[in-house]
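Let me begin by presenting the structure, written as structure tokens, before commenting on it.
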Amino acid sequence: MRRLLILLAVVAMLAAACGSSSDEGTETTAGGSDETTTTAAASTEETTTTAAGGTEETTTTAAADGEESELQAKVNACAPEETDGDLNFYNWTEYIPYGSAAEDYEVTDLVAAFEEKYGVKIIQTFYEDNETMLAQVEAGGAPYDLIVPSDYMVSTMTHPDVDLLAKINKDAIPNLANLDPLFSGLPFDPDGTYSVPYQAGTSGIGYAYEFVDDSEGISWGLIFDPEMSAPYAGLISMLNDERETLGAALKYLGYSVNTTDQAELDEATAILKDANERIAAYDSTSFDDLLLQGEYVVSHGWNGGFLGSYDEASNDDYDAYEDYGYALPIEGGIVWVDLMAIPVTAEHPCTALTFMNFILDAEVGGELTNYTYYMSPNLAAYDYIDPEILEDEMVFPTAETMAQLEFIADLGDFGLKYSDAFAIAKG
Amino acid sequence: MTMLDDRPSEEANPELEKKAERAEGWRGFFIALPTYAYLVVFFVLPLLIIVVFSFAERSRTGKPVLGEWTLEWWIKLGEPLVRTVAIRSVWLAFLNTAICLLIGYPFAYWIATRKSAITRNFLLVLVLIPFWSNFLVRTYAWRTLLDSNGLITKVGEWTGLWGKMLFTEPAVFLGLVYGYLPFMVLPLYAAIEHLDWNLVEAARDLYAGAWKAFRKVTLPLSKPGIIAGSILVFIPSLGAYVTPDLLGGAKTTLLGNYIVTQFKSGRNWPFGATLSVTILAVMMVATIIYFRKGGKTL
């Protein structure tokens, strides 16, 4: 009997262990695990629908087309300030101020402000990476009205074979006039047909002034040059992301981050493999915190992550900005922009368009950046952005630096080569 | 209960006996029906889906395209990268199992040979206590212990025996052994506790030394525990994902991370499915062989 009990206990533990190891491993919040479950549920669901579609392919496709044009008709009929129900908003975590976070940052609760102004509710759901969002929208499990994909994901979702976004009705967004010309004509959506910029940022290097001399600018050599990086061996972190990290290596070599030249990619793989022994960790979740804790001295990461942490670490007696910096390397870096878009799952597109217009409002846009510490694509918002943030080159790089930055593009099948190259570089 | 009491008198009638047996068989089937349903819905079907996915073409977003079949992903399994990753993962899992066995056996033996049942149960509860909190949280706790300012690092620096271990291979093994040791200890405890000590005594009476008695009697008799424990440790450590990422700094690609990549940024679900099916099949075959060789079930 006891043996049986022990056996049961072991099996239960095993199940528990498997459960947690299949978890993301990044966030410990309830939301994180919740998300995992929904994704799993959605993907099974997706399977069944696809399976059904396989047998009667022509009929299903036709039906889908009809449905999409129905949504498109609805979008096209929306008037400015019109709402047609509650907003199902599928967004990144910590990307809009609301509730206690808004209070902590002393900014307007934008969710409450929108709800109050238009008399509709915002139902928020969150994701932590573009791929999770893509899988969810593709599965069609939930009626999301508004999503915030990144640059390359917009091109993935608008690809004719994928076709997951509705076209924007520009007449319903008068505030588009506030948009910075820098953010129009973006390579993945040149005419802004499908998307409206939300926030933008860069990936570069965060570092400790005490150990890194930045008098002549920061170079990717701090990571890839054997001599220059030697003093920081074991104190370097890079993002655990194949496109970002191989992109950094490609930039160091003077190539494009979107190269589809196998020889150039091989070269970047080789120098990353060489740098591997000097890199302490590939870390996309705690690069900023561990830099402040002294585990890293040179850390590859996103500007908003560093600045948010520097700000959090600062108090009346201590200013983290005096000890830590963030810079875009002289060889150039990566710029990204997240954009609002209406997915095919939308049921309330007019509310979604009204929300886009709301975000492009001058005051709202200012408060958004005061919370996220990311670059605002909204020129009118500059009047409302905290001058300290606005003058900070870490957030708003100079036009000169901007010219050197590149967007990550969707490379289609060649993208597979990047994942394998990253695995090879790690050894 | 009454049925059991009635039995002896009925035993004379073989016809009735057979009927009762058949009825019992059906009853067993119905009692187990929810379990069968559960297994089919949550285990067999998902498994079949993965198998089907592994033969499908990949769409631009990485999803499998059903109806367009290919062997591409099964051929990709032969690539050197896959082989390197697989060998590395198997080696890591094997080492972890060996370390757990070396530490776990004496430990389980010691617990099982305590005289009082209260002491034994108390020690067992101590083994189980870590499971009261989530594995991820416990791994983060290790991170705090092992970083530059961590307690373990400070002790190492003070004694001069070791330095900072965070993001090194020893840290990964520390985390893995810590995580999976209980899976080794519990089956071993069950096996050793049920050992017939008279046999050991007999061996000693026949002039076997302590070591010889252990090697010839105790060890073979606890073999089912060793097998069960090794399987329970080996299989999950083959897919270890959180520990190498958090304590090892994601510095090397292991099977677990490699599969996750296929489903996320790699956008190649069919290949992820192929890898998963392969691991599952290999583990299943290995386990069956292991049990056959062991000659016994748990």
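Just so you know, the sequences run in chain order B and F. Following this note's numbering, the residues of the first sequence are numbered contiguously, the last one being 522. Following this note's numbering, the residues of the second sequence are numbered contiguously, the last one being 990. The C-beta atom is built at its ideal place from N, Cα and C for all residues, glycine as well. Small disclaimer: the values here were computed from a predicted structure and weren't measured.
Does B/His443 get closer than 8 Å to chain F when you measure Cβ to Cβ?
-> Output row for B/His443: interface = no.
Are the region 236-243 of chain B and the region 177-185 of chain B touching by the rule of at least three beta carbon pairs closer than 8 Å?
-> Because the criterion of three Cβ pairs below 8 Å is met, the region 236-243 of chain B and the region 177-185 of chain B touch.
C-alpha gap between B/Thr121 and F/Ala894, whole angstroms = Here the model assigns B/Thr121 a pLDDT of 34, short of 50, so the residue's position is not dependable, and the following value carries that caveat. About 56 Å.
Between which two residues does the beta strand (DSSP E) carrying B/Asn186 extend?
-> Its beta strand (DSSP E) spans residues Leu182 to Trp187.
What are the boundary residues of the alpha helix (DSSP H) that F/Phe745 is part of?
-> Run containing F/Phe745: Leu737 to Phe745, per the alpha helix (DSSP H) assignment.
What three-state label does DSSP hand F/Asn826 in the structure shown?
-> Reduced to three states, the DSSP call for F/Asn826 is coil.
Alpha helix (DSSP H) containing F/Phe875: first to last residue?
-> For F/Phe875, the enclosing alpha helix (DSSP H) begins and ends at Glu861 to Glu885.
Do we get a CB-CB distance below 8 Å when we pair B/Ile242 with the residues of chain F?
-> It does not: the Cβ of B/Ile242 has no partner Cβ on chain F nearer than 8 Å.
Best match in F/Leu930, F/Thr945 and F/Val952 for proximity to F/Leu972 [C-alpha to C-alpha] | Distance from the Cα of F/Leu972 is smallest, within the candidate group F/Leu930, F/Thr945 and F/Val952, for F/Leu930.
Which bits of chain F does B/Ile590 rub up against, with CB to CB less than 7 Å?
-> Residue 590 of chain B is absent from the model: chain B starts at 96 and stops at 522.
Straight-line gap, F/Val864 to B/Ala358 (C-alpha atoms, nearest Å) | Taking the straight line from one Cα to the other gives about 34 Å.
Does the region 294-306 of chain B come close enough to the region 425-439 of chain B to have 3 or more Cβ pairs within less than 8 Å?
-> Flag = yes, the region 294-306 of chain B and the region 425-439 of chain B touch.
Which word fits B/Asp508, buried or exposed, when buried means at least 16 other C-beta atoms lie within 10 angstroms of its C-beta?
-> Looking at its Cβ environment, which holds fewer than 16 other Cβ atoms inside 10 Å, B/Asp508 is exposed.
Return the Cβ separation of F/Asp839 and B/Glu390 in integer angstroms, given the expectation that the two are a contact with Cβ distance under 8 Å.
-> That belief holds up - the Cβ atoms of F/Asp839 and B/Glu390 are roughly 6 Å apart, short of 8 Å.
Under the three-state DSSP convention, the category F/Trp903 falls into | Three-state DSSP puts F/Trp903 in a helix.
Just reading off the beta strand (DSSP E) that B/Val202 is part of, what are its end residues?
-> Where B/Val202 is concerned, there is no enclosing beta strand (DSSP E), given that its DSSP letter is neither H nor E.
Please report the residue range of the beta strand (DSSP E) in which B/Met333 lies.
-> From DSSP, the beta strand (DSSP E) with B/Met333 extends over Ile331 to Met333.
Which residues, taken in chain order from the region 934-953 of chain F, show a beta carbon closer than 7 Å to some beta carbon of chain B?
-> Residues Val934, Asp937, Leu938, Gly941, Ala942, Lys943, Thr944, Thr945, Tyr950 and Thr953.
Could you tell me whether the Cβ of B/Gly389 comes closer than 8 Å to any Cβ of chain F?
-> At least one CB of chain F lies nearer than 8 Å to the CB of B/Gly389.
Cβ-based burial, B/Asp378 [other Cβ within 10 Å; buried from 16] | Classification for B/Asp378: buried.
Please name the residue, chosen from B/Gly403, B/Ser245, B/Ala172 and B/Leu341, that lies closest to B/Ile484 on a Cα-to-Cα basis.
-> Residue B/Gly403 is the option with its Cα nearest to B/Ile484.
What residues of chain F sit near B/Thr364, judged by a beta carbon separation below 9 Å?
-> Within 9 Å Cβ-Cβ: nothing; B/Thr364 doesn't reach chain F, min ~11 Å.
Proximal residues of chain B, C-beta to C-beta of F/Val864 below 9 Å = Going along chain B, no residue has its Cβ under 9 Å from F/Val864, so there is no contact; the nearest lies around 12 Å.
Residues near B/Ala328 by beta carbon distance below 7 Å, same chain, minus five either side | Its chain contains Arg373 as the residues whose beta carbon lies nearer than 7 Å to that of B/Ala328, once the 5 sequence neighbours on both sides are disregarded; these appear in chain order.
Determine the extent of the alpha helix (DSSP H) in which F/Trp718 is found, giving its start and end residues.
-> For F/Trp718, the enclosing alpha helix (DSSP H) begins and ends at Pro706 to Leu731.
Enclosing beta strand (DSSP E) for B/Val430 [first to last residue] = Taken as a continuous stretch (DSSP letters only), the beta strand (DSSP E) holding B/Val430 covers Ile429 to Met435.
Can you tell which of F/Trp961, F/Trp850, F/Leu815 and F/Gly796 has its C-alpha closest to the C-alpha of F/Ser751?
-> The option with the nearest alpha carbon to F/Ser751 is F/Trp961.
Could you tell me whether any Cβ in chain F is nearer than 8 Å to the Cβ of B/Tyr377?
-> Using a CB distance cut-off of 8 Å, B/Tyr377 counts as an interface residue toward chain F.
Alpha carbon to alpha carbon, what distance is there between F/Phe735 and F/Pro726?
-> Cα-Cα distance, rounded: 13 Å.
Which of helix, strand or coil does DSSP assign to B/Ile242?
-> Annotated three-state conformation of B/Ile242 is strand, per DSSP.
Would B/Ser245 be called buried (16 or more neighbouring beta carbons within 10 Å of its own) or exposed?
-> Around the beta carbon of B/Ser245, a 10 Å sphere encloses 16 or more other beta carbons of the protein chains shown; the residue is thus reported as buried.
Beta strand (DSSP E) segments (min. 3 residues) lying fully within the region 367-421 of chain B = For the region 367-421 of chain B, whole beta strand (DSSP E) runs of length 3 or above, ordered along the chain, are 374-377 and 393-397.
Would you verify that the beta carbon of F/Thr811 is, or is not, closer than 8 Å to some beta carbon of chain B?
-> No, because no Cβ of chain B sits closer than 8 Å to the Cβ of F/Thr811.
Cβ of F/Asp839 within 8 Å of any chain B Cβ = Chain B, which has a Cβ nearer than 8 Å to the Cβ of F/Asp839, makes this yes.
So is F/Thr805 in contact with chain B if we call contact Cβ pairs under 8 Å?
-> Using a CB distance cut-off of 8 Å, F/Thr805 does not count as an interface residue toward chain B.
B/Glu151 (DSSP reduced to helix, strand or coil) = Because B/Glu151 sits at a pLDDT of 38, beneath the cut-off of 50, its placement in the model cannot be relied upon, and the point is left open.
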